[in-house]
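Heads up, the thing below is written out as structure tokens.
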Amino acid sequence: MIGATGQIGSELTQALRERYGHSHVVAGWHIKPLSPDVQGSGPGAFVDCCRMKTLEQTVRKYRIKTIYHLAAVLSAKGETNPLQAWENNMKGLINVLEMARQHGCSVFFPSSIGTFGPSTPLINTPQDTIQRPGTIYGISKVAGELFCDYYHKKYGVDARGLRYPGIISNVTLPGGGTTDYAVEIFYRAIRSGKYTCYLKAGTYLDMMYMPDAISAAVSLMEADGNRLKHRNAYNVSAMSFDPEALAEEIRKHIPNFVMSYKIDPVRQAIADSWPEKMNDSAARKEWGWSARYNIKTMTRDMIRILSARLAPKLCGELLQIR
Ligand code: SER
10 MIGATGQIGS ELTQALRERY GHSHVVAGWH IKPLSPDVQG SGPGAFVDCC
60 RMKTLEQTVR KYRIKTIYHL AAVLSAKGET NPLQAWENNM KGLINVLEMA
110 RQHGCSVFFP SSIGTFGPST PLINTPQDTI QRPGTIYGIS KVAGELFCDY
160 YHKKYGVDAR GLRYPGIISN VTLPGGGTTD YAVEIFYRAI RSGKYTCYLK
210 AGTYLDMMYM PDAISAAVSL MEADGNRLKH RNAYNVSAMS FDPEALAEEI
260 RKHIPNFVMS YKIDPVRQAI ADSWPEKMND SAARKEWGWS ARYNIKTMTR
310 DMIRILSARL APKLCGELLQ IR
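Start counting the sequence shown at 10; every next residue gets the next number (the working numbering).
As structure tokens, this is what we get:
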């Protein structure tokens with residue numbers, strides 16, 4: 010696992026360990042150290058995917074069969090230093106694909122709603138459509154999808170990918186993304202009952218709860234390769250909401266929750282160019298994808314878990330868990 014300290018990587022590492030055996034999943038870390046849970050439950054290795062040597066040492070030492078490449082600079086952060094984001098995202102992936110080619114590994118590559126742009130149909134976004142993203146993150150993810158396909162066709166590398174929506178989770182915070190508000194809002198709602206949102210009311214975006222994001226990765230990687238026509242990368246969709254709808258859902262559990270707005274023009278422009286809801290029929294048909302959580306069940310679960318962790322006392326007074 011490259012990026013085992015990140016939002017998705019930290020939880021995917023643990024899920025893969027539960028499924029395939031703790032000693033069989035190596036947690037790769039680079040800038041941040043591994044969390045105590047991840048560090049204590051299986052092997053870990055320093056892996057800077059932009060430096061082939063550290064990657065190769067780990068692949069050889071542990072005889073890696075599948076590389077989950079979860080390290081990337083996200084959309085909003087990427088805009089602060091576009092060339093650095095391009096360098097990190099592309100060099101990392103190309104090194105991973107080269108390693109996979111040389112050592113016969115499979116690859117999981119998370120792509121994103123960020124691969125779409127203003128000229129894409131943003132409602133019921135088709136699997137195969139116009140992809141002209143406006144962020145360096147999106148450009149690197151489109152190029153990544155194409156590189157994965159290229160390595161599959163030219164060298165037979167079994168590289169598979171998903172176009173993730175915004176991911177909502179309660180273990181590791183995201184960082185530098187446009188969809189991060191949908192995670193931050195829960196922490197603030199529970200801690201202070203207030204949140205200032207940087208996206209406008211009416212900004213509908215595709216979102217997914219982490220358990221579905223994990224099950225999508227596992228199901229795709231375990232799917233029969235002969236059935237996969239769109240390896241890189243599948244639209245996967247679960248729920249679509251705007252900040253108001255999420256605030257309303259949170260108020261069912263925290264009735265006094267107050268949301269205000271202070272719009273960030275950079276992230277607003279990015280969000281406006283991303284799908285409200287992707288069409289994920291190819292994933293459903295080719296490997297049986299379907300999401301379990303909607304806004305209601307996700308919100309209930311987020312509040313239950315975070316309130317137990319963040320505000321055990323407050324929880325009894327303010328929350329009415331349904
Ligand atoms: N969550 C990501 C971001 O906001 C999109 O894939 O950048």
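We put the beta carbon where it would ideally sit given N, CA and C, even for glycine.
Could you please give the first and the last residue of the uninterrupted alpha helix (DSSP H) stretch that includes residue 314? Per DSSP, residue 314 belongs to the alpha helix (DSSP H) from 304-319.
What's the C-alpha gap between residue 292 and residue 244? Whole-angstrom Cα-Cα distance: 7 Å.
Hey, would you say the C-beta of residue 128 is under 6 Å away from at least one heavy atom of ligand 1? At a cut-off of 6 Å, the beta-carbon of residue 128 does not count as near ligand 1: no heavy atom of the ligand is closer than that.
CB-CB under 6 Å to residue 324, same chain, minus the five flanking residues each way: which ones, in chain order? Unreliable placement is indicated for residue 324, whose pLDDT of 49 sits below 50; no coordinate value is reported for it.
Own chain partners of residue 199 with C-beta closer than 6 Å, once the 5 adjacent residues on each side are dropped: Correct list, in chain order: 315, 316, 319, 320.
8 Å Cβ shell around residue 71 - same chain, five flanking residues per side excluded: If we look at residue 71 and ignore the five residues flanking it on each side, its Cβ neighbours are 35, 52, 54.
Inside the region 91-164 only - beta strand (DSSP E) runs reaching at least 3 residues: Those beta strand (DSSP E) runs which fall completely within the region 91-164 and span 3+ residues are 115-121, 132-134.
What span of residues does the beta strand (DSSP E) with residue 215 cover, start to end? For residue 215, the uninterrupted beta strand (DSSP E) run begins and ends at 214-218, by DSSP.
Within 6 Å: the Cβ of residue 83 and any heavy atom of ligand 1? Flag set: Cβ of residue 83 near ligand 1.
Mind pulling the alpha helix (DSSP H) runs of 4 or more residues that sit fully within the region 166-249? If we require 4 residues or more, the alpha helix (DSSP H) runs fully inside the region 166-249 come out as 190-201, 219-231.
If contacts are defined as beta-carbon pairs under 8 Å, then residue 144 and residue 279 qualify, I think. What distance do you get, rounded to the angstrom? Their Cβ separation, rounded to whole angstroms, is 6 Å, which keeps residue 144 and residue 279 in contact under 8 Å.
Once the 5 residues before and after residue 12 are set aside, which same chain residues still bring their CB inside 6 Å of it? Result list for residue 12: 18, 79, 80, in chain order.
So, under 8 Å CB-CB, residue 334 and residue 26 are touching, yes? Tell me the CB distance rounded to an integer number of Å. Here the chain covers residues 10 to 331 and nothing more, so residue 334 does not appear.
If you measure from the CB of residue 121, is any heavy atom of ligand 1 nearer than 6 Å? Set against 6 Å, the gap from the CB of residue 121 to the closest heavy atom of ligand 1 is smaller.
Below 8 Å, can you find three or more Cβ-Cβ pairs linking the region 159-170 to the region 211-223? When C-beta atoms of the region 159-170 are compared with those of the region 211-223, fewer than three pairs fall below 8 Å, so the two segments do not count as touching.
When 186, 66, 130 are compared against residue 94, the one with the closest alpha-carbon: When each option's Cα is compared against that of residue 94, the closest is 186.
Use the C-beta contact count for residue 267: other C-beta atoms within 10 angstroms, 16 or more gives buried, fewer gives exposed. Counting Cβ neighbours within 10 Å, residue 267 comes out exposed, since fewer than 16 surround it.
Ligand 1 and residue 205: does the residue's C-beta get closer than 6 Å to at least one heavy atom of that ligand? For ligand 1, not one heavy atom lies less than 6 Å from the Cβ of residue 205.
Is residue 186 near ligand 1, in the sense that its beta carbon is under 6 Å from a heavy atom of that ligand? Checking the Cβ of residue 186 against ligand 1 gives yes.
Could you have a look at residue 267 and say whether DSSP puts it in helix, strand or coil? Shown here, residue 267 sits in a strand according to DSSP, grouped into three states.
For residue 251 and residue 212, which I take to be in contact (beta-carbon distance under 8 Å), what is that distance rounded to the nearest angstrom? Between residue 212 and residue 251 the Cβ distance is about 5 Å, and since that is below 8 Å, they are a contact.
Taking the alpha-carbon of residue 87 as reference, which of 210, 215, 149 has the nearest alpha-carbon? For residue 87, the closest C-alpha among the options 210, 215, 149 is that of 149.
Between residue 131 and the rest of its own chain, which residues show a CB-CB distance below 6 Å, the 5 nearest in sequence each way excluded? Around residue 131: 284, 285.
Could you tell me whether the Cβ atoms of residue 137 and residue 174 are closer together than 7 Å? No, the Cβ-Cβ distance between residue 137 and residue 174 is not below 7 Å.
Mind checking residue 89: buried by the 16 CB within 10 Å criterion, or exposed? It is exposed - the Cβ of residue 89 has fewer than 16 other Cβ atoms within 10 Å.
Report the rounded CA-to-CA distance for residue 227 versus residue 75, giving the unit in angstroms. Straight across, the Cα-Cα distance linking residue 227 with residue 75 is about 12 Å.
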